[in-house]
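Take a look at the structure below.
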Amino acid sequence: MAVAGRDGWTPLNSAANNGHVEVVKLLLEEGADTESKGHSSRTPLLYAAANGHEAVVKLLLERGAQRESKDKDYGQTPLSLAAGQGHDTVVKLLLEKGADLESKSNSGWTPLWYAAANGHETIVKLLLDNSADFDSKDNRGKTPLAWAVINGHERTAKLLQIALPKQLPEHLSL
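If you're matching positions, the sequence shown starts at 10 in my numbering and goes up one per residue.
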């Protein structure tokens with residue numbers, strides 16, 4: 010089952026990318042590798058998370074897929090990809106399975122960063138409710154709030170502004 014095409018895709022990568030849960034299940038039963046790498050060194054879990062295929066994400070995690078795998082080009086995790094694409098049910102599942110809220114991409118972006126920069130309010134709230142660092146800075150010194158403002162996501166920016174005093178330690182609260 011590890012046979013890859015010219016583009017590096019295995020059957021499992023393709024099935025996960027397209028959300029074919031029954032095909033994924035069959036391939037795993039036949040011994041497919043949950044960590045097979047496709048384009049940009051993405052694993053089946055990365056493909057499934059990026060495309061919002063919750064059932065496939067759940068199955069892959071149950072079969073031992075590494076929840077913190079990163080793609081080669083950007084260093085994104087499944088949680089970062091799901092957050093950036095607005096897949097709230099996948100984000101919730103990954104958080105329940107212990108995904109790292111503060112994992113940084115090659116650019117220094119966290120999952121909160123991706124959600125804020127793309128205006129995904131529900132995910133921003135979910136990440137903040139799970140104590141994501143609202144003030145983390147990327148490699149250019151910008152915060153999720155800064156990118157929400159730059160990208161014109163006013164409601165997301167307001168949500169992040171409201172979170173500021175909530176996450177301050179008591180001795181620093183206003």
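Beta carbons are placed, not taken as given, at the ideal position from N, Cα and C, and that holds for glycine.
Small disclaimer: the values here were computed from a predicted structure and weren't measured.
Judged by DSSP secondary structure, S23 falls within the alpha helix (DSSP H) whose first and last residues are P20 to N26. Sequence-distant Cβ neighbours of L102 in its own chain, meaning closer than 7 Å and more than five residues away, are E63, V66 and K67. Within the segment 105-183, the complete alpha helix (DSSP H) segments at least 4 residues long are 120-126, 130-138, 153-159 and 163-176, listed from N- to C-terminus.
E39 carries a coil assignment under DSSP once its states are collapsed to helix, strand and coil.
The criterion of a C-beta distance shorter than 8 Å is not satisfied by G61 and V30. Your pair A166 and A172 does not check out as a contact, with CB atoms roughly 11 Å apart and the cut at 8 Å.
At the C-beta level, G84 and S114 come within 8 Å of one another. Distance from the Cα of E38 is smallest, within the candidate group L55, E71 and R51, for E71. CA-CA distance, L136 to S49, rounds to 26 Å. Judged by DSSP in its simplified three-state form, Y83 adopts coil rather than helix or strand. A straight line joining the alpha-carbon of L21 with that of T43 spans about 8 Å. Taking the C-beta atoms as reference points, L168 is found no nearer than 8 Å to N139.
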